[in-house]
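**Q** For the sequence shown, the residue numbers in numbering that gives the first Met the number 0 are 0 to 310. Ideal placement from N, C-alpha and C gives every residue a C-beta, glycine not left out. Predicted, not measured: the structure shown is a model, and the values here were computed from it. What follows is a single structure, and I will ask about it in a moment.
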Amino acid sequence: MGFLTRPLLLLSRSEKVKQLVSTMPVSAGIVRSYVPGETTESVVEASAKQIDDGIRVSLDFLGEDTLDAEQADATVAAYLDVLGQLSARGLTRMAEVSVKLSAIGQALPENGDKIALENARTICRAARNAGTTVTLDMEDHTTTDSTLAILRELRKDFPETGAVVQAYLHRTEADCRTLAYEGSRVRLCKGAYDEPESVAFQSRLDVDKSYVRCLKVLMAGQGYPMIATHDPRLVSIASSLASRYGRAAGSYEFQMLYGIRPDEQHRLAEAGETVRVYIPYGTEWYGYLMRRLAERPRNLTFFLRSLISKS
Ligand SMILES: Cc1cc2nc3c(=O)[nH]c(=O)nc-3n(C[C@H](O)[C@H](O)[C@H](O)COP(=O)(O)OP(=O)(O)OC[C@H]3O[C@@H](n4cnc5c(N)ncnc54)[C@H](O)[C@@H]3O)c2cc1C
């Protein structure tokens with residue numbers, strides 16, 4: 000983790016900073032580079048453009064840590080709306096959705112898991128009717144067990160539901176072994192939250208080594224690995240492992256975030272790889288933006304300078 004990453008992730012929890020950042024005009028430019036729009040229409044349009052270029056998409060309606068059941072219902076409604084619009088445009092063969100369980104009730108003080116499961120079921124049903132799938136994003140480590148338990152329940156009726164695992168957690172190699180079965184879609188990412196030493200590797204090198212170990216388990220297994228990283232070394236290791244384990248293009252996919260390394264996304268797609276771009280949208284972009292800035296000191300310096308000069 001970079002020396003600025005932890006302070007920034009901590010800062011991102013302050014309501015005051017959130018207020019300041021969210022209302023600053025300077026936010027707009029940076030936000031737009033990571034989030035194409037706030038409305039369903041804008042994200043469907045952005046998706047159509049990617050799909051025209053042969054790139055698949057996974058759409059994330061922004062919002063997390065919902066402590067209000069009505070807000071959770073509104074998030075479910077937003078997913079049903081976007082699935083309907085994607086279907087109407089004939090895009091669902093190339094477009095799926097990513098869902099954060101904390102946005103649909105997991106963090107509610109009473110029956111959070113049950114509510115999140117029922118809400119996730121509603122989204123999975125709508126996705127299946129539209130001819131596509133759902134992937135459950137992974138959040139901080141206090142939610143991992145609950146999220147994997149909800150995934151297991153959902154997969155009884157919707158086995159196509161995707162899982163996410165984070166290479167920075169000590170537990171993840173074992174989770175990959177459990178998840179590498181036939182038909183199991185598993186996204187492997189490094190992990191984006193500020194996690195303690197007791198549960199997570201702290202150095203970049205250790206996280207990268209764990210990523211490679213997890214990747215080997217997934218590539219050697221029977222499932223469908225979704226390799227979510229912008230790291231050039233890991234992309235190249237993934238390609239080598241695909242050859243080593245005799246995986247044809249299309250039996251795994253690369254995933255990157257909207258706005259990050261678009262040239263590489265196109266290069267991989269043109270080389271015949273399956274590539275999917277994760278596109279967040281909506282008004283609740285603050286937490287997402289802060290995690291992206293924490294990963295990228297160059298953007299962070301620019302951003303903080305603007306913040307200081309305006310306050
Ligand atoms: C499709 C997808 C889904 C994800 N889902 C989850 C999830 O469910 N849960 C979760 O915890 N995390 C998720 N993440 C985030 C992930 O955990 C990492 O935080 C993020 O991808 C950065 O790690 P990296 O593998 O790209 O490697 P890094 O070491 O962070 O970056 C490698 C290189 O990528 C480029 N790069 C990275 N970030 C930026 C940036 N912000 N701007 C410009 N260039 C950049 C740089 O060239 C950098 O050197 C997801 C990531 C992707 C791609």
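1) Which same chain residues end up closer than 7 Å to residue 115 when comparing Cβ atoms and leaving out the 5 residues on each side of it in sequence?
2) Go to residue 156, then tell me how far its alpha helix (DSSP H) extends in each direction, as first and last residue.
3) To the nearest angstrom, how far is the alpha carbon of residue 174 from that of residue 188?
4) When burial is assigned at 16 or more other CB atoms within 10 Å of the CB, is residue 161 buried or exposed?
5) Residues bridged to residue 134 by DSSP?
6) Could you give the DSSP three-state label for residue 112: helix, strand or coil?
7) Secondary structure at residue 14, three-state DSSP: helix, strand or coil?
8) Looking at the unbroken beta strand (DSSP E) that takes in residue 293, where does it start and where does it end?
9) Less than 6 Å between C-beta atoms, sequence neighbours within five positions excluded: which residues of the same chain meet that for residue 49?
10) What is the residue span of the beta strand (DSSP E) that residue 198 lies within?
11) For residue 240, report the span of its alpha helix (DSSP H) as first-last.
12) For residue 193, verify whether its CB is less than 8 Å away from any heavy atom of ligand 1.
**A** On the basis of the supplied data:
1) 100, 103, 104, 105, 149
2) 143-156
3) 13 Å
4) buried
5) 97, 161
6) helix
7) helix
8) Segment 285-293 is the alpha helix (DSSP H) holding residue 293; no beta strand (DSSP E) there.
9) 56, 276
10) No beta strand (DSSP E) holds residue 198; DSSP gives it neither H nor E.
11) 231-243
12) no
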